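Under our numbering, the first residue of the sequence shown carries the number 949, and numbering increases by one thereafter.
Below is one structure; the comments refer to it alone.
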Amino acid sequence: MPRTAIIAGNWKMHKSPEEAVAFVQELGPMVQAYDKVERVVAPTLLALGPVSAALAESALKVAAQDAHWEASGAYTSQVSATMVQPYVDYVIIGHSECRAYLNESDENVNRKAKACLACGLRPIIAVGESLAQNEAGETVDFVQSQVSAALAGIAADDMQRVVIAYEPIWAIGSGRSASGEQADAIIKSAVRDTIRALYSDAIADALRIQYGGSVKPGNMEEFMSQPNIDGALVGGASLQTRDFAALIEIAARVKGS
Ligand code: PGA
949 MPRTAIIAGN
959 WKMHKSPEEA
969 VAFVQELGPM
979 VQAYDKVERV
989 VAPTLLALGP
999 VSAALAESAL
1009 KVAAQDAHWE
1019 ASGAYTSQVS
1029 ATMVQPYVDY
1039 VIIGHSECRA
1049 YLNESDENVN
1059 RKAKACLACG
1069 LRPIIAVGES
1079 LAQNEAGETV
1089 DFVQSQVSAA
1099 LAGIAADDMQ
1109 RVVIAYEPIW
1119 AIGSGRSASG
1129 EQADAIIKSA
1139 VRDTIRALYS
1149 DAIADALRIQ
1159 YGGSVKPGNM
1169 EEFMSQPNID
1179 GALVGGASLQ
1189 TRDFAALIEI
1199 AARVKGS
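This is the structure in structure tokens:
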């Protein structure tokens, strides 16, 4: 079974609700033809309601950028998976910026992934090594450990709803990306083969894995041509409709299904 490519725009702390709605209204018709590619936008929390309402008749999907594992409680500033559930299909979990600035731990990534799955959402679990780890040759071991920790206790049946995004931290927002071949090799050995060992061949072969880190129209084809890369998690290049639509067009053309 071919894997459906998934391109997700992570808008981080960009775009007001009004700007986010205007963006998806412009983007929708530009990418309507590419319906074999899953197209996802991840606005700020504040824009989830308006964007989801604007996309009620659209095939574009919405992701939250984070969600807390408890349904409710004394967690000032947090919003739970059950609270975002009416507005989104996906939730990005464990983004390196959350790991770096908000002390996101592997344990909490795992709790959040389970909470999303429990309320019918699809987690996009982000993993990736730092420059120092990369240079020390620790990438595969480190990414394997992040993947295993994130999935601890997650049932095989739930794995069809999980997406993993491999994002080397040194490539995020830096203009410096891994080569397609490098990224593919790490994705295969540190992510897909880890899933193979933890679950089964069938689950590993069905798992969708994105690359992220300075993806842009000029290098998209290189990433999409790799056998183990099933899409992209995109920051900077998802903020302009023209660039984001170009990424989706390239994914649809290269993945060809
Ligand atoms: P970038 O961000 O495309 O701007 O490098 C990717 C991400 O953080 O998901």
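Note that CB positions come from ideal geometry on N, CA and C, so glycine has one too.
These figures come from a predicted structure and were not determined experimentally.
(1) How is G1184 classed by DSSP in three states: helix, strand or coil?
(2) For P1175, which three-state DSSP category applies?
(3) Please decide whether P991 counts as near chain D, where near means a Cβ-Cβ distance under 8 Å.
(4) Following a CB-centred definition, is V1027 positioned closer than 7 Å to any heavy atom of ligand 1?
(5) Give the range of the beta strand (DSSP E) segment to which P1071 is assigned.
(6) Are at least three pairs of beta-carbons, each pair with one atom in the segment 1116-1123 and one in the segment 1099-1107, less than 8 Å apart?
(7) Count the other CB atoms within 10 Å of the CB of G1123; is the residue buried (16 or more) or exposed (fewer)?
(8) Please determine, among I955, A1113 and L1050, the residue with the shortest C-alpha to C-alpha distance to S1025.
(9) Could you tell me whether any non-hydrogen atom of ligand 1 is closer than 7 Å to the CB of N1082?
(10) Below 8 Å on the Cβ atoms is my contact criterion, and I expect V1271 with R1070 to pass it. Report the Cβ-Cβ distance as a whole number of Å.
(11) I need the boundaries of the beta strand (DSSP E) containing G957, first residue and last residue.
(12) Could you check whether the Cβ of E1052 sits closer than 7 Å to any heavy atom belonging to ligand 1?
(13) Determine the DSSP secondary structure at Q1026, reduced to helix, strand or coil.
(14) Just to check, is the beta-carbon of S1078 closer than 7 Å to a non-hydrogen atom of ligand 1?
(15) Taking R891 as part of the beta strand (DSSP E), name the residues at either end of that continuous run.
(16) Measuring only the C-alpha atoms, how far is P950 from L1146?
(17) How many Å lie between Q1013 and C1064 at the Cα?
(18) Considering only their Cβ atoms, is the gap separating A953 from E986 smaller than 8 Å?
(19) At a threshold of 7 Å, does E1197 count as lining ligand 1 (C-beta to nearest heavy atom)?
(20) Taking just the CA atoms, how far does G1085 sit from L1208?
(21) Between the C-alpha atoms of R1109 and D1178, what's the straight-line distance to the nearest angstrom?
(22) Within 7 Å: the Cβ of S1137 and any heavy atom of ligand 1?
(23) Tell me which residue opens and which closes the alpha helix (DSSP H) that G1128 is part of.
(24) Is it true that the CB of L1181 sits closer than 8 Å to the CB of I1072?
(25) Going by C-alpha to C-alpha distance, which of V969, H1016 and A956 sits closest to A990?
(26) Would the beta-carbon of L1181 be found less than 7 Å away from any heavy atom of ligand 1?
In short, the structure shows the following:
(1) Residue state, collapsed to three classes: helix.
(2) coil
(3) Considering every chain present, this structure includes no chain D. It has just one protein chain.
(4) no
(5) R1070 to V1075
(6) no
(7) exposed
(8) In terms of CA proximity to S1025, L1050 leads the group I955, A1113 and L1050.
(9) Flag unset: Cβ of N1082 not near ligand 1.
(10) Look at the range of the chain in this structure, 949 to 1205, and you will see that residue 1271 is not part of it.
(11) I954 to N958
(12) no
(13) coil
(14) no
(15) Any question about residue 891 goes unanswered here, given that the chain covers just 949 to 1205.
(16) 21 Å
(17) 12 Å
(18) yes
(19) no
(20) The shown model of the chain, from 949 to 1205, leaves out residue 1208, and the question about it has no answer.
(21) 14 Å
(22) With a cutoff of 7 Å, S1137 does not count as near ligand 1, since its C-beta is closer than that to no heavy atom of the ligand.
(23) G1128 to I1134
(24) yes
(25) A956
(26) yes
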